[in-house]
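Let me begin by presenting the structure, written as structure tokens, before commenting on it.
In the working numbering, the protein residues as written are 1 to 419.
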């Protein structure tokens, strides 16, 4: 069988937020880019739906924000937690020093389709759908490309740099021989949908009771729900039966049986195994990992997507000059600079997530108190001192180190508009 032979300056494996944003930024800077996406479309239920102010600021800097916000979305300027009968605002975003101080709730496939369409306006941008990267191509110890299958047909892409943005189960980081450090996660998530009514409101909220936690995301006609369970606890739930699960959901959400009956089988409820890990080294000669391929994040705070976007911005800022110049050897020093720039924010956020797992989520799941008596200390503090909501607001909204798109990449929009 003939092998498709392709060439580009940068080959990116993975059409998620990190991969498409990096591909867009590099193409805008004049780099020839191929993005490999193993699926035929972007319709993945497990993709995060929260576009935080840090990502909205990137869209502002790129001149894309007006078109982007024309897409259907909901805006949340605060995040609430319902603990028993208590309604507590845990995160406040309105104070953030940005133009759009809110979380945009948008199905991620709309976000990815938007990035792909904007990238297609640049001649150096190409997305190959149904194209799965399976291995790296080496010249000695240097990575010089990637190979895989596209609709059953083998292909090879020769590139000055290969970027793994293929998620927490990254095949290419394994092929690169990079070591993963597991930080542990004591929880998993069950993911399911329930019909939504206008009378429900549209708040982005977590519902916490002793032994049970459910997070709701508004997707217009339905709620996307995340039922947090102890690690490995799904079989115990299944053993109790689907009616018992529906009853538990109904008790936490105060929702009527009619809607709960939409969960007709366990096939309607998907298990998301939670991981928190990161690579000790994100690169080798000719190769770089970013996003979940470099650091898998917990769903806590919904920061994973936006951290991945920040990785992409930092990588584009540091690498675009060398790639646009056609350098066949991208210095490992430049690749190390990407890791150095993004490692500290990653470590801080992961430490916070691990702390939340142990001191808040696991404590709630293990609690035997009644709902009336249950109100963990962090919730008590937030209720008593409202100004403290700004601290998690800053972290959730903007992250630990906010990246700005390099002026040399931003200015390409002006050049493009004049031609």
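Glycine included, every Cβ here is placed at the ideal spot set by N, Cα and C.
> Looking at the unbroken alpha helix (DSSP H) that takes in residue 477, where does it start and where does it end?
Replying inline: For the chain, the structure presents residues 1 to 419; residue 477 sits outside this window and is missing.
> Taking the runs of the beta strand (DSSP E) that are 3 residues or longer, which of them lie wholly in the stretch 255-321?
Replying inline: 270-273, 277-279 and 287-289
> What residue from 239, 243, 201 and 252 has the CA that sits closest to residue 226's CA?
Replying inline: 252
> Do you know how far the Cα of residue 394 is from the Cα of residue 388?
Replying inline: 10 Å
>> Using only the alpha-carbon positions, how far apart do residue 23 and residue 14 sit?
In response: 10 Å
> Below 8 Å between beta carbons: does that hold for residue 291 and residue 165?
Replying inline: yes
>> Which residue wins for smallest C-alpha separation from residue 210, given the options 159, 361 and 333?
In response: 361
>> Using C-beta distances below 6 Å, list every residue in its chain close to residue 342, excluding the 5 sequence neighbours before and after it, in chain order.
In response: 311 and 314
> Along the chain, where does the alpha helix (DSSP H) that runs through residue 366 open and close?
Replying inline: 362-366
>> Below 8 Å, how does it come out for the stretch 3-12 and the stretch 151-163: are there three or more Cβ pairs, yes or no?
In response: yes
> Can we say the stretch 269-280 touches the stretch 177-189, given the rule of at least three CB pairs closer than 8 Å?
Replying inline: yes
> Which first and last residues belong to the alpha helix (DSSP H) in which residue 113 is found?
Replying inline: 108-119
>> From the DSSP secondary-structure annotation, give me the bridge partner or partners of residue 5.
In response: 156
> If you run the structure through DSSP and keep just helix, strand and coil, what is residue 74?
Replying inline: strand
> Among all the DSSP beta bridges, which residues are the ones paired with residue 86?
Replying inline: 83
>> In the DSSP output, what is residue 125 paired with across the bridge?
In response: 33
> Using CA coordinates, which residue listed in 184, 125, 42 and 108 is at the minimum distance from residue 355?
Replying inline: 184
>> With distance defined between alpha-carbon atoms, name the residue in 405, 97 and 255 nearest to residue 390.
In response: 97
> How many Å lie between residue 60 and residue 245 at the Cα?
Replying inline: 43 Å
> Between the C-alpha atoms of residue 17 and residue 392, what's the straight-line distance to the nearest angstrom?
Replying inline: 23 Å
>> Residues in the same chain with beta-carbon distance under 6 Å from residue 36, minus the five sequence neighbours each way, listed in chain order, please.
In response: 13, 128, 131 and 133
> Helix, strand or coil: which one does DSSP assign to residue 102?
Replying inline: coil
>> With a threshold of 8 Å, are at least 3 pairs of Cβ atoms found where one atom belongs to the stretch 136-156 and the other to the stretch 59-77?
In response: no
> Can the beta-carbon of residue 102 be found less than 8 Å from the beta-carbon of residue 93?
Replying inline: yes
> Taking just the CA atoms, how far does residue 41 sit from residue 151?
Replying inline: 13 Å
> For residue 193, which residues does DSSP report across the bridge?
Replying inline: 224
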